[in-house]
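If you read the protein sequences in the order shown, they are chains X and Z.
Be aware that the first sequence starts at 1, since it is given in this note's numbering, and climbs by one per residue.
Be aware that the second sequence starts at 1001, since it is given in this note's numbering, and climbs by one per residue.
Every residue, glycine too, gets a C-beta built ideally from N, C-alpha and C.
Quick caveat, the model's predicted, so the values are computed rather than measured.
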Amino acid sequence: MTESTLTSQALEAGGTGEVMITLEGVEKWFDDFQALRGIDLVVGRQETVVICGPSGSGKSTLIRCVNRLEEHDRGRIVVDGTELSDDVRDIQEIRRETGMVFQSFNLFPHLTIMENITLAPRHVRHKPKKDAEETAMKLLERVKIPEQAHKYPGQLSGGQQQRAAIARTLAMEPKVILFDEPTSALDPEMIKEVLDTMEELAESGMTMMCVTHEMGFARAVADRVVFMSDGGIVEVNDPESLFTDPQEERTQLFLSQIL
Amino acid sequence: MATDTTPTSATATKPPVQKVTPATWLRENLFSNWWNSLLTVLFVPLIAWALWSIGRFLFVTGRWEIIIVNLTNLMVGDFPREQFWRLWVAMAILAAVGGLLVGVTAAAAREAAVITGRELDTSWRETARRLGPPVSFLVVMMLFVRTATPLLLLVGVIAIGVAGFVLGRRVPHDRRALVNLAVVAGVAGSLVVISGFGGVSRDSWGGLLITAYFTIGSLLLAFPIGVLVALGRRSTLPVVRWTTTVYVEFFRGSPLIALLFVGWLVLPFMFPPEWENITRISRALIIFTLFTSAYVAEIVRGGLQSIPRGQWEAAKSLGLSPWKQTRLIILPQALRNVIPALVGQGISLYKDTTLVLIIGLNDLLRVAQNITQQPQFLGQGLIAETLVFVSFIYWILSYWMSRESQRLEARLGVGTR
């Protein structure tokens, strides 16, 4: 696909019409195993893209390439005008502007929730402690756990930890947030509180790439859904069309298994 | 009535209290079957006899005159007596920063306890257990003192330590990191007081003084070196990784006693000729530091490996620089996980300092042997008394370190996982 068709895809789909993330011919190998094959995808500013597919299809690897937790072997990745290269400054620039929410939360267990949230603003953005703490308190209110501010992660439930992790990501005021199966490690009754927080984020205009198995969320919130299989993108469409009228056989098979 | 409002179910859920009479205790613990009864019958007299012999030696037959006469030798070796004021000043400085450190730690532990809703044990029993080892040490030393001056000075030093503790508890939260600096400055300052400004050359130090110097000095130096080497072994640069691996494998693979001997012979050639007066004590300190740092590096490396990959990834994805990822996220968690092993290494080093007798230094153990050769004690078989005395010093201080590390571990573990 050419860059122009990629871009027009994103423009049609939603967001503000500007491009936030461009992936062009991205390929990735783990030793001899090819994890990503020729990924072409454009994510528009303020767009929410959900990536789904069977396990092992490369969904997580794809979004982990965007902030260089994995290094892609071929192709280009551009985030908000900065191309991901081997230059550490570019990597740091992209990481500062890109938040990530993990399946296992990855809060820092030796720091309180408040310290978890203020750490990066203070040490990366060099904000004064007081400002950082005020912002953190507002974010904790936004994710509805202000009363947990001075506890340690181990004292919170899974759902609360994940919302704290989202607040930690938001504290850096990122332009994009990558979600790597954010609800997969949660008990069923806690999934909703995290999805509600994510939905609120999407509505507020955050650019989001979400790997998730929550098809209800994809349907309600996503501007586009990407279906991946065997390291390649099989189909990209708006959620309604993809779920009700999948074009590809592999998509049909996958949907018939999970819906 | 008040008693009527108490729900009966609440009292019913408490575990039943079993009354243990002395008779049932004896039966359950000492005579539960014929085999245990036999062991009890055999071992009770044996233990009683052992305690009786030890007690008789300590309080009746032991000739402790040799310790009373030589207490100063055991503490400081040949340290010039007219320069003792320097030691007392150094002790006062160390007591002040030590008290400060303990005070800050206590305050932090109390805060963590409040956050996590865990109760801190502030009972007098716990306090007595904590103060037990150092107080026993001081009391036993005092039993052999026959003049008032050291007693008064010691009381002064303890008072300064307590003042440091009280002050430490009042240090504001965001100034606590400064206390670490104060401790390093205090240790350095106390060394300057002893050796600087026309002070005492380290070659005339001896006894418990050099044992403490080697232990504290090597640990303080080996800890940062060990952490850096551990990080180096995980470096992505092959040169750094290989160099640090060779370093660790060399020092871990060589016997300490051989290293001390080689260091004593070789180190003078490795420094510029104008440094030729590098003292034997400094040479031993360098060897202890290099040796210990290799072990510290391996311990810390184990701690680094215990940190899940997700912690690195979260730190990276927040845009922290590699150095800050390590310093703020990984190291604090890794070091907490290896406190028991690090203290174990410290205790091991403390006892290994006795090996300096191979290069002719008068450490505590060597002084204990030498004083039996003094004319007035020669040929009287007093080695038992002197060895029991120094063994007590080694044991009580090791035991103290071990107990305190367990407390530190419990406290730092607060609120995690």
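Local conformation of residue i per DSSP, three classes
i, result
"F1059 of chain Z", "helix"
"R37 of chain X", "strand"
"V194 of chain X", "helix"
"M228 of chain X", "strand"
"N1362 of chain Z", "coil"
"M172 of chain X", "coil"
"V43 of chain X", "strand"
"R76 of chain X", "strand"
"N116 of chain X", "helix"
"V1240 of chain Z", "helix"
"T1386 of chain Z", "helix"
"W29 of chain X", "strand"
"I145 of chain X", "coil"
"T1003 of chain Z", "Here the model assigns T1003 of chain Z a pLDDT of 45, short of 50, so the residue's position is not dependable and the matter cannot be decided."
"L111 of chain X", "coil"
"E181 of chain X", "coil"
"S1405 of chain Z", "helix"
"E1313 of chain Z", "helix"
"N237 of chain X", "strand"
"L1357 of chain Z", "helix"
"V1338 of chain Z", "coil"
Neighbourhood of residue i by C-beta, 7 Å cutoff - its chain only, sequence neighbours within 5 removed
i, result
"L1167 of chain Z", "L1100 and G1103"
"G260 of chain X", "Here chain X has residues from 1 to 259 only, and residue 260 of chain X is not among them."
"D1203 of chain Z", "T1279, R1280 and I1281"
"F1291 of chain Z", "F1251, L1256 and L1259"
"G205 of chain X", "Q46"
"A1090 of chain Z", "S1190, V1193 and I1194"
"M190 of chain X", "S157, G158 and G159"
Buried versus exposed call for residue i [16 or more other C-beta atoms within 10 Å across all chains shown]
i, result
"F1269 of chain Z", "exposed"
"D31 of chain X", "exposed"
"D180 of chain X", "buried"
"E235 of chain X", "buried"
"E115 of chain X", "buried"
"P1133 of chain Z", "buried"
"L242 of chain X", "buried"
"I63 of chain X", "buried"
"E1385 of chain Z", "buried"
"I166 of chain X", "buried"
"L1378 of chain Z", "exposed"
"E240 of chain X", "exposed"
"E3 of chain X", "Any reading at E3 of chain X is ruled out, since the residue's pLDDT is 49, under 50, leaving its predicted position unreliable."
"F1197 of chain Z", "exposed"
8 Å contact criterion, which residue i and residue j should meet: CB distance rounded
i, j, result
"L1387 of chain Z", "Y1350 of chain Z", "The Cβ separation is near 17 Å, so there is no contact."
"P121 of chain X", "Y152 of chain X", "20 Å between Cβ atoms; not a contact."
"I1068 of chain Z", "T112 of chain X", "About 55 Å; that fails the 8 Å criterion."
"I1194 of chain Z", "G1077 of chain Z", "The Cβ separation is near 13 Å, so there is no contact."
"L1365 of chain Z", "T1354 of chain Z", "4 Å"
"L139 of chain X", "Q148 of chain X", "Their Cβ separation, rounded to whole angstroms, is 12 Å, which puts L139 of chain X and Q148 of chain X out of contact at 8 Å."
Cβ neighbours of residue i in the same chain (closer than 6 Å, five flanking residues each side left out)
i, result
"V1227 of chain Z", "V1300"
"A82 of chain X", "Sequence check: residue 82 of chain X is Thr here, not Ala. Cβ neighbours of T82 of chain X beyond the five flanking positions: D90, E93 and I94."
"Q161 of chain X", "F105, L107 and P153"
"V221 of chain X", "T48, E199 and A202"
Spatial neighbours of residue i in its chain, beta-carbon cut-off 8 Å, leaving aside the 5 residues before and after
i, result
"R1252 of chain Z", "A1294, Y1295 and E1298"
"S1009 of chain Z", "Residue confidence for S1009 of chain Z is low, a pLDDT of 49 falling below 50, so the modelled location carries little weight and cannot support an answer."
"G75 of chain X", "L23, E24, G25, V26, E27, G38 and I39"
"K129 of chain X", "T118 and R122"
"L1361 of chain Z", "G1206, I1210, R1280, I1281 and A1284"
"T1147 of chain Z", "none"
"S57 of chain X", "M228, S229, D230 and G231"
"L1087 of chain Z", "V1076, F1079, I1194 and L1209"
Extent of the continuous alpha helix (DSSP H) run through residue i
i, result
"K59 of chain X", "K59 to V66"
"W1085 of chain Z", "F1084 to T1116"
"F1269 of chain Z", "L1256 to M1270"
"I1371 of chain Z", "I1371 of chain Z -> no alpha helix (DSSP H), and no H or E assigned at all."
"V1296 of chain Z", "R1280 to Q1305"
"V1192 of chain Z", "R1176 to S1195"
"V1148 of chain Z", "According to the sequence shown, residue 1148 of chain Z is Ala rather than Val. Its alpha helix (DSSP H) spans residues A1148 to R1169."
"A218 of chain X", "M215 to V221"
Start-to-end residues for the beta strand (DSSP E) that takes in residue i
i, result
"M208 of chain X", "T207 to V211"
"G1319 of chain Z", "First-last for G1319 of chain Z: undefined, no H or E at that position."
"T1326 of chain Z", "Counting along the chain, T1326 of chain Z falls outside any beta strand (DSSP E), and DSSP gives it neither H nor E."
"V98 of chain X", "Checking the sequence, you will find Thr at residue 98 of chain X rather than Val. Where T98 of chain X is concerned, the enclosing beta strand (DSSP E) stretches over T98 to V101."
"V50 of chain X", "T48 to C52"
Heavy atom of the ligand ADP within 7 Å of residue i beta-carbon
i, result
"G1103 of chain Z", "Here there are no bound small molecules, and the ligand ADP is not part of this structure."
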